[in-house]
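Residue numbers (UniProt numbering): 1 to 106.
Here is the structure we will look at.
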Ligand SMILES: [Cu+2]
């Protein structure tokens, strides 16, 4: 590959990374989300991975995103896309102390 071609490819990759949605990974371990607060952009998703030897149930009642991923056990994971801007409070139905604030930005 020529240097010019390599540079062109690098420029193309750099210019367009913003066009792709990001998948953020949040683990659930010791009855806690791996982060308490997360900022992401509309279109991004979070993959919730359960690393505890018992089930968690991920849900939210927030206006910006209301969902229920159901409960799933160790090694399981579920993803959700955030398609509207706003603040989303994510909770676990099994463990009331588990909370994650997701700031979805335009
Ligand atoms: Cu839980």
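All C-beta atoms, glycine included, are put in the ideal place defined by N, C-alpha and C.
Collapsing the DSSP output to three states places residue 32 in a strand. The beta carbons of residue 42 and residue 78 sit about 20 Å from each other, so the pair does not count as a contact at 8 Å. Of the residues assessed, residue 97 falls on the exposed side of the cut-off, its CB having fewer than 16 other CB atoms within 10 angstroms. Per the coordinates, the alpha-carbon of residue 91 lies some 5 Å from the alpha-carbon of residue 99. Rounded to the nearest angstrom, the Cβ distance from residue 26 to residue 48 is 5 Å, consistent with a contact under 8 Å.
Contact check for residue 50 against residue 93 fails: the beta carbons are separated by 9 Å or more. Scanning 73, 95, 5 and 101 for the CA closest to the CA of residue 55 turns up 73. Between the alpha carbons of residue 89 and residue 101 lies a gap of roughly 5 Å.
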